[in-house]
Amino acid sequence: MRLVNGIANGVVIDHIAAGRGMIVYNKLKLDEKKCTTVLLLNVESKHLGRKDIIKIEDVLEIDTTVLGLIDQNITLNYIKDGKLIDKKTVEVPKIVKNIFKCANPRCITHSDDYATSTFTLKDQNGVLEYQCNYCEEITKYKVENDK
Ligand SMILES: [Zn+2]
Numbered sequence: 011m012r013l014v015n016g017i018a019n020g021v022v023i024d025h026i027a028a029g030r031g032m033i034v035y036n037k038l039k040l041d042e043k044k045c046t047t048v049l050l051l052n053v054e055s056k057h058l059g060r061k062d063i064i065k066i067e068d069v070l071e072i073d074t075t076v077l078g079l080i081d082q083n084i085t086l087n088y089i090k091d092g093k094l095i096d097k098k099t100v101e102v103p104k105i106v107k108n109i110f111k112c113a114n115p116r117c118i119t120h121s122d123d124y125a126t127s128t129f130t131l132k133d134q135n136g137v138l139e140y141q142c143n144y145c146e147e148i149t150k151y152k153v154e155n156d157k
């Protein structure tokens, strides 16, 4: 039998909207992880038309909060010894810590290193709206603004 998705151990991040593969790569800081990564862009997909796929060898821990922000259609396939051992989907995170910055320039999180920017999901009508836990300002999260 062929190895599932071509890697023996690791994670395959599938169903990334075409064009967002590099954003996922950067936000997961995969360049710093020193692991073998295969980035497939514009792969034909039955459901999405085109999609991006990232295969990461020998890593099983992936930050699903970041993935949920970028694209809620993403699926994760966990592979061990060439076999699919687990599948996960991602969802819009209710709480977000330290991923983006507060829209309020006077917010304490910009000046105090000990105040971790923390947000709570308010709305998800097209654009994700997060309320700052410190100053209550709403920050709209758009993938396109966060490259
Ligand atoms: Zn704030």
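Converting from the sequence shown to our numbering requires adding 10 to each position, the first position being numbered 1. Ideal Cβ positions, reconstructed from N, Cα and C, are used throughout, including at glycine. Please read all numbers here as calculations on a predicted model, not as lab measurements.
{"Check": "Three-state class that DSSP yields for residue 55 in the structure shown", "Outcome": "strand"}
{"Check": "Residue 114 CB to nearest heavy atom of ligand 1 below 7 Å", "Outcome": "yes"}
{"Check": "Enclosing beta strand (DSSP E) for residue 152 [first to last residue]", "Outcome": "From DSSP, residue 152 is part of no beta strand (DSSP E); its letter is neither H nor E."}
{"Check": "Integer-rounded CB distance, given that residue 20 should sit under 8 Å from residue 66", "Outcome": "5 Å"}
{"Check": "Per-residue DSSP class, three states only, for residue 36", "Outcome": "helix"}
{"Check": "Sub-8 Å separation of residue 110 and residue 149 beta-carbons", "Outcome": "yes"}
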